[in-house]
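A.B. asks: Numbering (my numbering), first residue to last: 877 to 1117. We put the CB at the ideal spot given by N, CA and C, even for glycine. Here you go, one structure.
Here's what the structure looks like:
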């Protein structure tokens, strides 16, 4: 799963991010197992009962007596999903390619609609199974993690207009998940120099340039002697005054 794209400047972006269809396909066999089905040994029975929503051939239909679970996945605009981490690494063999390693979180709302006489019981069973270790481990293997404190199931019978207007038993469950996404962009062209301006509390301002070749001015062991033109009388060893 995941994707890659080549940009006009020659860089390649590789992403592990899932699409709604991909994450629905992950949850379909897992949901079948949580409901007591065997998607490997008896796939026909499992995938008749557990379906993916928004099918291209139209809304699925079934008998009022059938027990059905329909799964849909929606991306959430969560504040946590807007935070991105960047880390530049030298990669390759030998390590001569500068790569931008990026990471962020996709927040998913997984919606499970249960129909049929067992809809309320299946919803309760699903909520309980979501807390089990084997479910956690199966999702963690694809970097998906449940957000605790999901809303309780909502009982909401649905009127099917055809044939003749029949009320179907229905119970809905919404569970939220974080997906850990990794992306890489390479090769990245490094900057030749960085221009830094320091403003002090005393109103002094100095600008200096760090060249890419000046390794003494990069990293945690920065050499302040290389920062020419700064008033040392204004630096007390911990902060600019």
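Would you check if the distance between the CB atom of residue 944 and the CB atom of residue 904 is smaller than 8 Å?
C.D. replies: Residue 944 sits at position 68 when you count from the first residue of the chain shown. Residue 904 sits at position 28 when you count from the first residue of the chain shown. Result no, Cβ atoms of residue 944 and residue 904 do not sit closer than 8 Å.
A.B. asks: So the alpha helix (DSSP H) residue 995 belongs to, where does it begin and stop?
C.D. replies: Counting from 1 along the chain shown, the entry for residue 995 is found at position 119. Unbroken alpha helix (DSSP H) run through residue 995: 995-1005.
A.B. asks: Is there a C-beta anywhere in chain C that falls below 8 Å from the one on residue 1050?
C.D. replies: Of the protein chains in the structure, only one exists, and it is not chain C.
A.B. asks: By the three-class DSSP mapping on this structure, what secondary structure does residue 966 have?
C.D. replies: Here residue 966 is taken as the residue at index 90 of the chain shown, counted from 1. It is a strand residue.
A.B. asks: What does a CB cutoff of less than 7 Å around residue 998 pick up in its chain, not counting 5 residues either side in sequence?
C.D. replies: One-based indexing of the chain shown puts residue 998 at position 122. Once the five neighbours on either side are set aside, the close Cβ partners of residue 998 are 911, 943, 945, 990.
A.B. asks: Return the residue from the list 1057, 1030, 941 that minimises the CA-CA distance to residue 889.
C.D. replies: One-based indexing of the chain shown puts residue 889 at position 13. Ranking 1057, 1030, 941 by Cα distance to residue 889 puts 1057 first.
A.B. asks: Pick from 1002, 1019, 996: whose alpha carbon is nearest that of residue 1031?
C.D. replies: Taking the chain shown and counting its residues from 1, one reaches residue 1031 at position 155. Closest by alpha carbon: 996.
A.B. asks: Taking the beta carbon of residue 1083 as the centre, do at least 16 other beta carbons fall within 10 Å, making it buried, or is it exposed?
C.D. replies: Indexing the chain shown from 1 puts residue 1083 at position 207. The residue is exposed, with fewer than 16 neighbouring Cβ atoms inside 10 Å.
A.B. asks: Looking only at C-alpha atoms, which of 960, 968, 978, 1034 sits nearest to residue 992?
C.D. replies: Position 116 of the chain shown, counting from 1, holds the residue named residue 992. Comparing Cα-Cα distances from residue 992 to each of 960, 968, 978, 1034, the minimum goes to 1034.
A.B. asks: Look at residue 1028 and residue 1053 and say whether their C-beta atoms are less than 8 Å apart.
C.D. replies: The sequence position of residue 1028 within the chain shown is 152, counting from 1. The sequence position of residue 1053 within the chain shown is 177, counting from 1. No, Cβ-Cβ distance for residue 1028 and residue 1053 is not below 8 Å.
A.B. asks: Provide the residue(s) that pair with residue 904 in DSSP beta bridges, ordered along the chain.
C.D. replies: Numbered from its first residue, the chain shown carries residue 904 at position 28. According to DSSP, residue 904 bridges with nothing at all.
A.B. asks: Measure the CB-CB distance between residue 901 and residue 926 and report whether it falls below 8 Å.
C.D. replies: Residue 901 sits at position 25 when you count from the first residue of the chain shown. Residue 926 sits at position 50 when you count from the first residue of the chain shown. Cβ distance not < 8 Å, so residue 901 and residue 926 don't count as in contact.
A.B. asks: For residue 1045, which residues of its own chain have a beta-carbon under 7 Å away from its beta-carbon, when the five flanking residues on both sides are left out?
C.D. replies: Walking along the chain shown from the start, residue 1045 turns up at place 169. Cβ within range, chain order: 991, 992, 993, 995, 1033.
A.B. asks: Tell me the rounded alpha-carbon separation between residue 1062 and residue 1007.
C.D. replies: The residue you call residue 1062 lines up with position 186 of the chain shown. The residue you call residue 1007 lines up with position 131 of the chain shown. So the two alpha carbons sit approximately 39 Å from each other.
A.B. asks: Rounded to the nearest angstrom, how far is the Cβ of residue 1060 from that of residue 976, given a contact under 8 Å?
C.D. replies: Mapped onto the chain shown, residue 1060 falls at position 184. Mapped onto the chain shown, residue 976 falls at position 100. Correct: roughly 7 Å between the Cβ atoms.
A.B. asks: Checking 8 Å against the spacing of the C-beta atoms, do residue 1026 and residue 1064 come in under that value?
C.D. replies: Counted from its first residue, the chain shown places residue 1026 at position 150. Counted from its first residue, the chain shown places residue 1064 at position 188. Result no, Cβ atoms of residue 1026 and residue 1064 do not sit closer than 8 Å.
A.B. asks: Going by C-alpha distance, which of 1020, 881, 1003, 971 is nearest residue 898?
C.D. replies: Walking along the chain shown from the start, residue 898 turns up at place 22. Ranking 1020, 881, 1003, 971 by Cα distance to residue 898 puts 1020 first.
A.B. asks: So what's residue 978 in DSSP terms, helix, strand or just coil?
C.D. replies: The count along the chain shown starts at 1 and reaches residue 978 at position 102. If DSSP states are grouped into helix, strand and coil, residue 978 belongs with the strands.
A.B. asks: For a quick check, are the C-beta atoms of residue 974 and residue 1066 less than 8 Å apart?
C.D. replies: For the purposes of this step, residue 974 is taken as the residue at position 98 of the chain shown. For the purposes of this step, residue 1066 is taken as the residue at position 190 of the chain shown. Against a cut-off of 8 Å, the Cβ pair of residue 1066 and residue 974 comes out as a contact.
A.B. asks: Please classify residue 1002: is it buried, with 16 or more other beta-carbons within 10 angstroms of its beta-carbon, or exposed?
C.D. replies: The residue given as residue 1002 occupies position 126 in the chain shown. With 16 or more Cβ atoms within 10 Å of its Cβ, residue 1002 is classed as buried.
A.B. asks: Would you give the residue range spanned by the alpha helix (DSSP H) that residue 1015 belongs to?
C.D. replies: What you label residue 1015 is simply residue 139 of the chain shown in a count that begins at 1. Counting along the chain, the alpha helix (DSSP H) containing residue 1015 begins and ends at 1009-1016.
A.B. asks: By a C-beta neighbour count over all protein chains shown, 10 Å radius and 16 as the cutoff for buried, is residue 981 buried or exposed?
C.D. replies: Numbered from 1 along the chain shown, position 105 holds the residue referred to as residue 981. Buried is the call here.
A.B. asks: For residue 965, which residues in the same chain have their Cβ closer than 6 Å to its Cβ, ignoring the five residues on either side in sequence?
C.D. replies: For the purposes of this step, residue 965 is taken as the residue at position 89 of the chain shown. Same-chain partners within the cutoff: 975, 977.
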